[in-house]
Each structure stands twice: as structure tokens, then as C-alpha cells.
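A.B. asks:
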Amino acid sequence: MYDVAVIGAGIVGLSIARELARYNVRALVIEKCSDVANGTTKANSAIVHAGYDAKPGSLMARFNAKGNPMFDKICEELDVPFKRTGSLVLAFCQEDMDTLQKLYERGIKNGIPGMELLTREKLKSMEANISSEAFGALYAKTAGIVGTWELAVAMAENAVENSVELYLDCEVESMEKQGDAYTVNCKNEKCFRARFVVNSAGVYADKINEMVASPSFKINPRRGQYFVMDKSSGGMVKNVVFQCPSKMGKGVVVVPTVGGNLLVGPDAEDIEDRGDTSTTSKGLEYIRSMGGKSCPNLSYESVITTFSGLRAESDTGDFIIEESSQSKGFINVAGIKSPGLSSAPAIAEYVIDLLRKAGCCLEEKDDFNPIRKQLRFSELNESEQRELIKHDPRYGRVICRCENITEGEIVDAIKRSVGARTVDGVKKRCRPGMGRCQGGFCGPRVQEILARELGKDMSEIVKDGKESYILSGSTKE
Ligand SMILES: Cc1cc2nc3c(=O)[nH]c(=O)nc-3n(C[C@H](O)[C@H](O)[C@H](O)COP(=O)(O)OP(=O)(O)OC[C@H]3O[C@@H](n4cnc5c(N)ncnc54)[C@H](O)[C@@H]3O)c2cc1C
Numbered sequence: 005m006y007d008v009a010v011i012g013a014g015i016v017g018l019s020i021a022r023e024l025a026r027y028n029v030r031a032l033v034i035e036k037c038s039d040v041a042n043g044t045t046k047a048n049s050a051i052v053h054a055g056y057d058a059k060p061g062s063l064m065a066r067f068n069a070k071g072n073p074m075f076d077k078i079c080e081e082l083d084v085p086f087k088r089t090g091s092l093v094l095a096f097c098q099e100d101m102d103t104l105q106k107l108y109e110r111g112i113k114n115g116i117p118g119m120e121l122l123t124r125e126k127l128k129s130m131e132a133n134i135s136s137e138a139f140g141a142l143y144a145k146t147a148g149i150v151g152t153w154e155l156a157v158a159m160a161e162n163a164v165e166n167s168v169e170l171y172l173d174c175e176v177e178s179m180e181k182q183g184d185a186y187t188v189n190c191k192n193e194k195c196f197r198a199r200f201v202v203n204s205a206g207v208y209a210d211k212i213n214e215m216v217a218s219p220s221f222k223i224n225p226r227r228g229q230y231f232v233m234d235k236s237s238g239g240m241v242k243n244v245v246f247q248c249p250s251k252m253g254k255g256v257v258v259v260p261t262v263g264g265n266l267l268v269g270p271d272a273e274d275i276e277d278r279g280d281t282s283t284t285s286k287g288l289e290y291i292r293s294m295g296g297k298s299c300p301n302l303s304y305e306s307v308i309t310t311f312s313g314l315r316a317e318s319d320t321g322d323f324i325i326e327e328s329s330q331s332k333g334f335i336n337v338a339g340i341k342s343p344g345l346s347s348a349p350a351i352a353e354y355v356i357d358l359l360r361k362a363g364c365c366l367e368e369k370d371d372f373n374p375i376r377k378q379l380r381f382s383e384l385n386e387s388e389q390r391e392l393i394k395h396d397p398r399y400g401r402v403i404c405r406c407e408n409i410t411e412g413e414i415v416d417a418i419k420r421s422v423g424a425r426t427v428d429g430v431k432k433r434c435r436p437g438m439g440r441c442q443g444g445f446c447g448p449r450v451q452e453i454l455a456r457e458l459g460k461d462m463s464e465i466v467k468d469g470k471e472s473y474i475l476s477g478s479t480k481e
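My numbering puts the first residue of the sequence shown at 5, with every later residue one more than the last.
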């Protein structure tokens, strides 16, 4: 019998899992995909928002304001790339200037430090590539960018190393309450018993809720698409550059990434299919025109890929984080749209409070270890690199030329406590395939290393989820 079952291994479920790892409880995370962070956590702008945008008094405002300052410590403990870049919201007309004033006042109400309304001259002195049509901006010093995948993987590893269990490829399909515990049944016939259940299933959270209660909220997927540009465009902006928000969201953003690339997007489109992360020429064309409004010099020749992610829009308009009134011990953490990433650490702490209030006994462990490390070869100095290669020659073999990733790092990504089992899993953990060639050169080599280290045949190695086979058969015997 488990004390707590967390459904969903996105940034929210994993932040909760890591928080649970601090206590003497038996906890597990159940995830339907073959890897952690394969839902919305895989595809977003990776911005740690300052927190001026959400309506004062909302859960989004509260957890964004509390979550943002938590990132420095968490990312240091977990060895995850994080940078406080600052952000700008641009104004292109007087109406936009009024919006900036309102955002500034909201920010004050939300308790956000380090905001400033900038003149055109000040803006130009900070960002040379911003359109000269912009005649002012709201600057927020505390905004930042983070390696979202790295953070999610690191949270998972740290939770597992502190004895939380993780079950991948387990899709929850039904639940019953028997006595004081839930039986959670998965499609693969695995079944878990837990006294408390946390529902952090992203765009599927309403479906999970309806396994134990009558419908009380609905989640609608709202898709957002992006261009990813290579490092030649990475220096286009130093800050995260927004336009004025609308009721569909924060608008098209130009965002530097922690890996040195540039993201341009997203759009916002309500769709029916909760699994549809395709991109469309219409959506990308819109982003292109809006991106050009902020930075006219953006070069779309440097686009290396496109992607889309699904926001979990709830019909309440806010995060839903509460014990179900219909099912005791069942905690919904639903409707976690943007700024969900920025809020995740604060949400996790709050969920611990909710569990405690619901009767879960949470005693702190003496031996919780918050530290998790990852070796990145290119961050070592020359003598450290030489020493490492002497000790392990696999660090002397570069597999991904675009990102300069060695065989040693790939093997490490596979062998870690929540190791990669797919080509995209390796990419998520140490970046081969993130560069200009998008895995054209290193993909088959990564596949070979996965097969060797996992003791599988090359043909069994998948790109991402189940059945995403890369090889379909041999051309020669
Ligand atoms: C376009 C876009 C841009 C965004 N930009 C930002 C940003 O810059 N900053 C920010 O703070 N936030 C941003 N967000 C929001 C942020 O990405 C999300 O709030 C966050 O990733 C949500 O995490 P999650 O864990 O709730 O959901 P997910 O990452 O979707 O995780 C839910 C998990 O549950 C699993 N699951 C579902 N059903 C089942 C089942 N039946 N059984 C088992 N497992 C199941 C899924 O496979 C998934 O892994 C953005 C979102 C989008 C879409």
C-alpha cells in the first residue's frame, strides 16, 4: 500500500514527487508515456515568468509570485541551467502603453519586485534588435529562462534517488475507492493501492477527476506553435521579449533559450484533440508575422525545427488545486496552463499542505539529499577534459558535432536513475540532436549506443513513445 500516488510525470507531478521525497512516505508517480516530461512540459516557452500578468488574487498570481524566486536554489541543487534574463513587454501604440501601465499595477498588487516602465531610448539601449516602432516597454528584472526538460528529468531523478517510485508506460484507466484507499488501475494491468491520489495529468486531468467524481471542471486544449532557430540567431535578444497580452494569452514571444537558441512563438488555437501536437502552415505564418513586429531582423533561414504544445485551459480560468469535495483524499492539480512551469515549485509545496490537511502523515526525513549532479563535458576546462578522457575514453568521442556531446555523456544519460530509453530521451537529457542537423548525423549513433547499453537490438530502439520505430527492416542480409 502506498501513501500517495501522483498521476502524471510532467513538471507539476515531478515537483510534487520531489517535495514528497523529503518525507517518510511511500509515494509513486504513474505516467502513461515512455519517459517523463512528454506532455506539455516538453513543449513550452521555458520562461520563468516574473508574475505581473495573472489577475491579482488568482492562484496563478499567487503561485507564480511564490515560485519565481524558488528557481535559483532548486536549479543549483539539481544542476539545471537557469538564467535570470529579465523580460520586456513592448508597446506599439498608446493603447498598449495603457496595457503596460495596467500590467505594472497588477505586478505591484501581485508583489513582483524589479519592474520598470521604459522609454523608447532606454529600451533601445537595452535591446539593439527591437523594432524601432516600439515606443516603450515594461521591464521585469526577475523573469528568467530555464531548461524545462532538464529540470523535469532532474526532479524525477532526485525524487527517485530519495525513494519515490516511478512507473512509466502506465496509463491510468480507472480508479475505485475501497475503504480508506484508492485502487488505481492501469491499461497494462498494473494496479496500485494508495491512500491519497494527486491528479496532475495535464490536459487529461478532467478525465482522471471523472474516474472518482462527477464532472466539476473541463479542460480544453489550446495549442501553441513555435519556430526554433539555431545558435546563429541566439543573440538576437538578451531579454525575453513579449508583446501586449490578449484574452488568448501572452502573445508571440521572442525567447533566448538556455542552450543558446532562439524560440519564436506561440500562437493560441483552441482544438478538440488532446494529442494533436502538429504544426500548421497557418499557425507558423501568423507567428512569423508577429515575431517580425518585435524583431524585424529575425532570420527564418536559421529555423532548425518547429513544434507545438497544448495548454490545459480550464473552464474556471484559473489553476484548480484542491481536494475533491466528492472524493476525500483525492487532490486535483488541474488547469495548470502558463505560468504553470514558473509556479510548479510553489504548487508542490502547497500540495504538501493539502495532503497534510487531508490527513496524510508527513514526517520529514533526516536523510533527504537535495543534490543531483550532471557532468557536461563542454563546461569543463581543458585539463579537466584531458583528465576525464584519460580515465574514460568515451568522453573523447564526440557523437553530436552540433552540440559537442560525447559518448560518455550519452552513456551517463542512459545509466542514470531515471535513464533515457529512447532517442528523444537522450536528447532531452544531454542535447544530441538539438543542433542544426537535428540528429541527421548523430541519431543513428545514439540509437546504436542505446541498443548496446540497454542490451537490445537496434530495431527495438524507438524515437520517443511506444511504436515510434525508426528502423523497419534490413535492406541487405
Ligand atoms: C505553448 C505553451 C507555452 C507555455 N509557456 C510557458 C512558460 O513559458 N512558462 C510557464 O511557466 N509555463 C508555460 N506554459 C505552461 C507549462 O508548460 C505547463 O503549465 C506545464 O508544463 C504543465 O505541467 P503538467 O505537469 O501539469 O502537465 P504535463 O506536462 O502535460 O504532464 C501531465 C502528464 O500526465 C500524463 N498523463 C495524462 N493522462 C494520464 C493517464 N491516464 N495515466 C498516466 N499518466 C497520464 C501525461 O502523459 C503527462 O506526462 C506553456 C504551455 C504551453 C502549451
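By construction, the Cβ of each residue, glycine as well, lies at the ideal position given by its N, Cα and C atoms.
Should Y208 be listed as close to ligand 1, given that the test is whether its C-beta is under 7 angstroms from any heavy atom?
C.D. replies: Taking the sequence shown and counting its residues from 1, one reaches residue 208 at position 204. It does: the Cβ of Y208 is within 7 angstroms (strictly closer) of some heavy atom of ligand 1.
A.B. asks: Which runs of the alpha helix (DSSP H) spanning at least 4 residues fall entirely within the stretch 97 to 142, listed in chain order?
C.D. replies: 98 to 114, 124 to 130
A.B. asks: Going by DSSP in three states, S463 sits in which element: helix, strand or coil?
C.D. replies: Locating residue 463 in the sequence shown gives position 459, where the first residue counts as 1. Of the three classes helix, strand and coil, the one that applies to S463 here is helix, per DSSP.
A.B. asks: Does any heavy atom of ligand 1 sit closer than 7 angstroms to the C-beta of P349?
C.D. replies: The residue you call residue 349 lines up with position 345 of the sequence shown. Incorrect: P349 has no Cβ contact closer than 7 angstroms to ligand 1.
A.B. asks: Run the CB neighbour count on G23, radius 10 Å, all protein chains shown included, and call it buried at 16 or more, exposed below.
C.D. replies: Within the sequence shown, residue 23 is the residue found at index 19, counting from 1. In the sequence on display, residue 23 carries Glu and not Gly. It counts as buried.
A.B. asks: For F196, which of V16, V93, D7, A41 has the nearest alpha-carbon?
C.D. replies: For the purposes of this step, residue 196 is identified with residue 192 of the sequence shown, where counting begins at 1. Ranked by Cα distance from F196, the first of V16, V93, D7, A41 is D7.
A.B. asks: Helix, strand or coil, according to DSSP, for C434 in the structure here?
C.D. replies: Along the sequence shown, read from residue 1 onward, the residue named residue 434 stands at position 430. If DSSP states are grouped into helix, strand and coil, C434 belongs with the helices.
A.B. asks: Starting from D274, follow its DSSP beta bridges and name the residues at the other end.
C.D. replies: Against the sequence shown, residue 274 aligns to sequence position 270. Its beta-bridge partners are R226.
A.B. asks: In its own chain, which residues sit with a C-beta less than 6 angstroms from the C-beta of S136, not counting the 5 before and 5 after it?
C.D. replies: If you number the sequence shown from 1, residue 136 lands on position 132. If we look at S136 and ignore the five residues flanking it on each side, it has no Cβ neighbours.
A.B. asks: Bridge partners for S178 per DSSP, in chain order?
C.D. replies: Within the sequence shown, numbered from 1, the residue matching residue 178 stands at position 174. Partner(s): N189.
A.B. asks: Okay, do the stretch 281 to 295 and the stretch 245 to 260 touch, 3+ Cβ pairs below 8 angstroms being the bar?
C.D. replies: By the C-beta criterion, the stretch 281 to 295 is judged to be in contact with the stretch 245 to 260, since at least 3 inter-stretch pairs fall below 8 angstroms.
A.B. asks: Under 8 angstroms, do D102 and P249 count as touching if we go by C-beta distance?
C.D. replies: In the sequence shown, counting from the first residue as 1, residue 102 sits at position 98. In the sequence shown, counting from the first residue as 1, residue 249 sits at position 245. No, they are not a contact pair.
A.B. asks: Starting from N203, follow the alpha helix (DSSP H) in both directions and report where the run begins and ends.
C.D. replies: Position 199 of the sequence shown, counted from the first residue, corresponds to residue 203. Where N203 is concerned, there is no enclosing alpha helix (DSSP H), although the beta strand (DSSP E) it sits in stretches over 195 to 203.
A.B. asks: Can you tell me whether DSSP reads E161 as helix, strand or coil?
C.D. replies: As a working mapping, residue 161 is identified with position 157 in the sequence shown. DSSP places E161 in helix when its eight states are reduced to three.
A.B. asks: Out of curiosity, what's the CA-to-CA distance linking G228 and E391?
C.D. replies: Walking along the sequence shown from the start, residue 228 turns up at place 224. Walking along the sequence shown from the start, residue 391 turns up at place 387. For G228 and E391, the distance between alpha carbons rounds to 45 angstroms.
A.B. asks: With DSSP run on the structure shown, which of helix, strand or coil describes N336?
C.D. replies: One-based indexing of the sequence shown puts residue 336 at position 332. It is a strand residue.
A.B. asks: What separation, rounded to the nearest whole angstrom, lies between the Cα atoms of N301 and N133?
C.D. replies: Your numbering for residue 301 matches position 297 in the sequence shown. Your numbering for residue 133 matches position 129 in the sequence shown. Going by the C-alpha atoms only, they are around 7 angstroms apart.
A.B. asks: Measure the alpha-carbon distance for P60 versus G339 and round it to whole angstroms.
C.D. replies: Here residue 60 is taken as the residue at index 56 of the sequence shown, counted from 1. Here residue 339 is taken as the residue at index 335 of the sequence shown, counted from 1. In a straight line, the C-alpha of P60 is about 17 angstroms away from that of G339.
A.B. asks: Going by other Cβ atoms of all chains shown within 10 Å of its Cβ, with 16 needed for buried, is G279 buried or exposed?
C.D. replies: The residue given as residue 279 occupies position 275 in the sequence shown. In this structure G279 is exposed. Its beta-carbon is surrounded by fewer than 16 other beta-carbon atoms within 10 angstroms.
A.B. asks: Could you spell out the range, first to last residue, of the beta strand (DSSP E) harbouring S91?
C.D. replies: In the sequence shown, residue 91 corresponds to position 87, counting from 1. S91 -> beta strand (DSSP E) spans 91 to 95.
A.B. asks: Any heavy atom of ligand 1 closer than 7 angstroms to the Cβ of N42?
C.D. replies: Numbered from 1 along the sequence shown, position 38 holds the residue referred to as residue 42. Result yes, Cβ under 7 angstroms from ligand 1.
A.B. asks: Just grab the DSSP bridge partners of F311 for me.
C.D. replies: Along the sequence shown, read from residue 1 onward, the residue named residue 311 stands at position 307. DSSP output for F311 lists Y230 as bridge partner(s).
A.B. asks: How about I34 and A348: do their beta carbons lie closer than 8 angstroms?
C.D. replies: Within the sequence shown, residue 34 is the residue found at index 30, counting from 1. Within the sequence shown, residue 348 is the residue found at index 344, counting from 1. Result no, Cβ atoms of I34 and A348 do not sit closer than 8 angstroms.
A.B. asks: Assuming G148 is part of the beta strand (DSSP E), what are its boundary residues?
C.D. replies: As a first step, residue 148 is located in the sequence shown; it is residue number 144 there, counting from the start. Counting along the chain, the beta strand (DSSP E) containing G148 begins and ends at 148 to 150.
A.B. asks: Would you check if the distance between the CB atom of D416 and the CB atom of D468 is smaller than 8 angstroms?
C.D. replies: For the purposes of this step, residue 416 is identified with residue 412 of the sequence shown, where counting begins at 1. For the purposes of this step, residue 468 is identified with residue 464 of the sequence shown, where counting begins at 1. No.
A.B. asks: For C404, name the three-state secondary structure that DSSP assigns.
C.D. replies: Translated into positions along the sequence shown, residue 404 becomes position 400. In the three-state reduction of the DSSP assignment, C404 falls in the strand class, which pools E and B.
A.B. asks: Below 8 angstroms on the Cβ atoms is my guess for L551 versus I418; work out the distance and round it to an integer in Å.
C.D. replies: The chain is shown only over 5 to 481; residue 551 falls outside these bounds and no answer can be derived.
A.B. asks: With a threshold of 7 angstroms on Cβ separation, who are the neighbours of A350 within its own chain once the five nearest residues in sequence on each side are excluded?
C.D. replies: Counted from its first residue, the sequence shown places residue 350 at position 346. If we look at A350 and ignore the five residues flanking it on each side, its Cβ neighbours are F67, K70, G71, M74.
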